[in-house]
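Once you know that position 90 of the sequence shown is 452 in the numbering used here, the rest is easy, because the numbers rise by one and skip nothing.
By construction, the Cβ of each residue, glycine as well, lies at the ideal position given by its N, Cα and C atoms.
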Amino acid sequence: MIGYLRGRVLRMTPEIVVLDVNGVGYLLTITASARDRMPARGDETELHVFTHVREDQLALYGFSSVDELEMFRMLIEVDGVGPKVGIAILSSANLDLLKQAILAEDVGPIRRAPGVGPRTAQKVIIDLKPKLEADA
């Protein structure tokens, strides 16, 4: 599994970055905060990585911090939240605001994410609030 990459930015779109790591180009789906911290093309950067393996696909997801990666891992453990929705939720609000919303049982910031309805937002709160309270 790939957990961390450091390399030069080859190409970037709002949702994807390609990093050149010693001549190998890694395509990663990234969060909004990772994109906002991304340097210019050709400059070096580092990302914390989640490797998602399915029988027909291998996908890499990049995060600007370990905390963001850990929140992503918690999100995708929620029934109905896959990697795509997890990235969307993390991109809809900054990490601190998202944690505060979950602790306050405020579905607003979670529902802003594309593909997240009221039932999924409530499930995220029900599943993650106890975990966040235990970490506090």
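Measure the CB-CB distance between residue i and residue j and report whether it falls below 8 Å.
i: Leu409; j: Val383; result: no
i: Thr375; j: Phe425; result: no
i: Val486; j: Val428; result: no
i: Leu422; j: Leu389; result: yes
i: Val415; j: Ile364; result: no
With which residues is residue i paired in a DSSP beta bridge?
i: Met433; result: Answer is none; Met433 lacks a bridge partner.
i: Thr393; result: None; Thr393 has no bridge partner.
i: Gly387; result: Asp382
i: Ala483; result: Ala483 is not bridged to any residue.
Quick one: what's got a C-beta closer than 8 Å to residue i's C-beta in the same chain, skipping five residues either side?
i: Leu437; result: Val443, Val447, Gly448, Ile451, Leu452, Val486, Leu490
i: Met400; result: Val371, Met374, Val379, Ile392, Thr407
i: Leu457; result: Ser395, Ser427, Asp429, Glu430, Met433
i: Asp405; result: Arg370, Val371
i: Gly387; result: Leu372, Val380, Leu381
Report all residues from its chain with a CB closer than 6 Å to the CB of residue i; omit the five preceding and five following residues, and keep chain order.
i: Ala455; result: Pro471
i: Pro476; result: Ala450
Can you list, in chain order, the residues of its chain whose CB lies under 7 Å from that of residue i, leaving out five sequence neighbours each side?
i: Val469; result: Pro480, Ala483, Gln484, Ile487
- Task: Let me know the alpha helix (DSSP H) ranges lying completely inside the region 430-480, each 4 residues or longer, listed in chain order.
- Result: 445-454, 457-465, 470-473
- So, do the region 476-495 and the region 454-468 have three or more beta carbon pairs nearer to each other than 8 Å? yes
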